[in-house]
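Undergrad: What follows is a single structure, and I will ask about it in a moment.
Chains as they are written, first to last, in my numbering: chain H, 1 to 132; chain R, 1 to 241.
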């Protein structure tokens, strides 16, 4: 072991930290669901990240194999592209959901405006620009 | 002869006027539109204005719907199209609420559409015979967009950003379901052409906005162009409807 390289880089400390962070993240998601701030459906998507983080961090052999395949010498460094990839996928998933919700909200707003007109009910006074 | 109606008088025409914070101009535009064509119905779509647009419309007794949230120009115009479709209108026109599109020019579009058998017609500021009152940035941008549409859809459109348009019921059936929320004008032109609709253009005279300011100015023109070109590319590679 070269003198200039700290000892912990050769150990599993970063993996333990990743497991701890994953567990905390998992608990945080569960807490949000319990407080009804996050729906179960979306919670499951978010939980994929800490679960995979814990899985890779607790299985050094698997991480080493994947690191060799990816051409990465220091196996824990593989966690960076894995986490980045997972967050990207989750963000994309939610963007797709947001696009769909946008279409649904547009349709609802149009139907509401036309229904009010058909019923002869004026809209409430004053503009309520929700997009601002 | 622009002043005399060409299409069958039994054809029901709806003029949709999208309006967002147009309290100063909306009443005049709506009243002028009412007298632009015999038996025409006018519908102002108030896109959740934050000024006194809703109050003006109510006080003047102008036929209108008010959206509960701000949907933008695309969502507002589409609301009018849904209304026209449900009420059985044969032709639906779009006229901006800022006073840029003189209602006196409405017969020019309707007559040209009837005479040529078009499904849709755009009032253009740049074709031969029109009187141009527009900035150079907009002209160059519009020309470039027109060229892109020609490459993508095989037909020249001289003024793809013009919001002064008319559609027949065939086009309306398509547009009530498929109307882009952002940059609708050039996207609709290309979508109609790619889906086999007959699209024409007629030269018209437009005025400067009576009140307010256009969002497509200066550096915004560049960003607008980039976004629209991207949107057109997506339309081109998307599955046909």
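Cβ atoms here follow ideal geometry from the backbone N, Cα and C, with glycine treated the same way.
Fair warning: this is a prediction, and the values are worked out from it, not measured in the lab.
I want to verify the contact list: residues of chain R whose CB lies under 8 Å from the CB of residue 110 of chain H, in sequence order.
TA: 67, 71, 75, 78, 79, 82
Undergrad: Decide if the stretch 116-125 of chain R is in contact with the stretch 187-206 of chain R; the criterion is three or more beta carbon pairs, one per stretch, under 8 Å apart.
TA: yes
Undergrad: List the endpoints of the continuous beta strand (DSSP E) containing residue 64 of chain R.
TA: Run containing residue 64 of chain R: 64-66, per the beta strand (DSSP E) assignment.
Undergrad: Tell me which residues share the same chain as residue 45 of chain R and place their Cβ nearer than 6 Å to its Cβ, disregarding the 5 neighbours each side in the sequence.
TA: 18, 65, 76, 79, 80
Undergrad: Compute the beta-carbon to beta-carbon distance between residue 205 of chain R and residue 105 of chain R, rounded to the nearest angstrom, for a pair I have assumed lies under 8 Å.
TA: Cβ atoms of residue 205 of chain R and residue 105 of chain R come within 8 Å of each other, at about 7 Å.
Undergrad: Whole angstroms are fine: how far does the CA of residue 140 of chain R sit from the CA of residue 126 of chain R?
TA: 11 Å
Undergrad: Run through chain H and tell me which residues come within less than 8 Å of residue 112 of chain R, C-beta to C-beta.
TA: Simply none; closest approach about 30 Å.
Undergrad: Does the stretch 160-168 of chain R come close enough to the stretch 184-192 of chain R that 3 or more CB-CB pairs lie under 8 Å?
TA: yes
Undergrad: Expressed to the nearest angstrom, what Euclidean distance is found between the alpha-carbon atoms of residue 111 of chain H and residue 105 of chain H?
TA: 10 Å
Undergrad: By the criterion of Cβ-Cβ separation under 8 Å, what are the contact partners of residue 114 of chain H in chain R?
TA: 65, 79, 82, 83, 86
Undergrad: Are residue 291 of chain R and residue 82 of chain R close, meaning C-beta to C-beta below 8 Å?
TA: Any answer about residue 291 of chain R is impossible in this case: the structure gives chain R only from 1 up to 241.
Undergrad: Chain R beta carbons: is any one of them nearer than 8 Å to that of residue 98 of chain H?
TA: No, because no Cβ of chain R sits closer than 8 Å to the Cβ of residue 98 of chain H.
Undergrad: Can residue 109 of chain R and residue 171 of chain R be called in contact, C-beta distance under 8 Å?
TA: no
Undergrad: Would you mind telling me which residues of chain H sit closer than 7 Å to residue 58 of chain R, beta carbon to beta carbon, in chain order?
TA: Neighbours of residue 58 of chain R across chain H, judged by C-beta separation under 7 Å: 122.
Undergrad: In chain order, what residues of the same chain have a beta carbon less than 6 Å from the beta carbon of residue 164 of chain R, not counting five sequence neighbours either side?
TA: 101, 123
Undergrad: Alpha carbon to alpha carbon, how far is residue 173 of chain R from residue 232 of chain R? Give it in angstroms, no decimals.
TA: 21 Å
Undergrad: Counting only beta-carbon separations shorter than 8 Å, does residue 171 of chain R have a partner in chain C?
TA: The chain inventory of the structure shown lacks chain C, comprising the protein chains H and R.
Undergrad: Does residue 133 of chain H have its Cβ less than 8 Å from a Cβ in chain R?
TA: Since the displayed chain H opens at 1 and closes at 132, residue 133 of chain H lies outside it and no answer follows.
Undergrad: Taking the alpha helix (DSSP H) that residue 79 of chain H belongs to, which residues open and close that run?
TA: 79-119
Undergrad: I'd like to check one pair, residue 32 of chain H with residue 38 of chain H: are the Cβ atoms closer than 8 Å?
TA: yes
Undergrad: Counting Cβ pairs closer than 8 Å, one from the stretch 91-104 of chain H and one from the stretch 66-73 of chain H, do we hit at least three?
TA: no
Undergrad: Contact check, residue 56 of chain R vs residue 33 of chain R under 8 Å by CB: the rounded distance?
TA: For a cut-off of 8 Å, the C-beta gap from residue 56 of chain R to residue 33 of chain R is around 15 Å, too long to register as a contact.
Undergrad: Considering residue 220 of chain R, what are the terminal residues of the alpha helix (DSSP H) in which it resides?
TA: 219-237
Undergrad: Strictly under 8 Å for the Cβ-Cβ distance: is residue 155 of chain R near chain H by that measure?
TA: No, residue 155 of chain R does not count as interfacial toward chain H.
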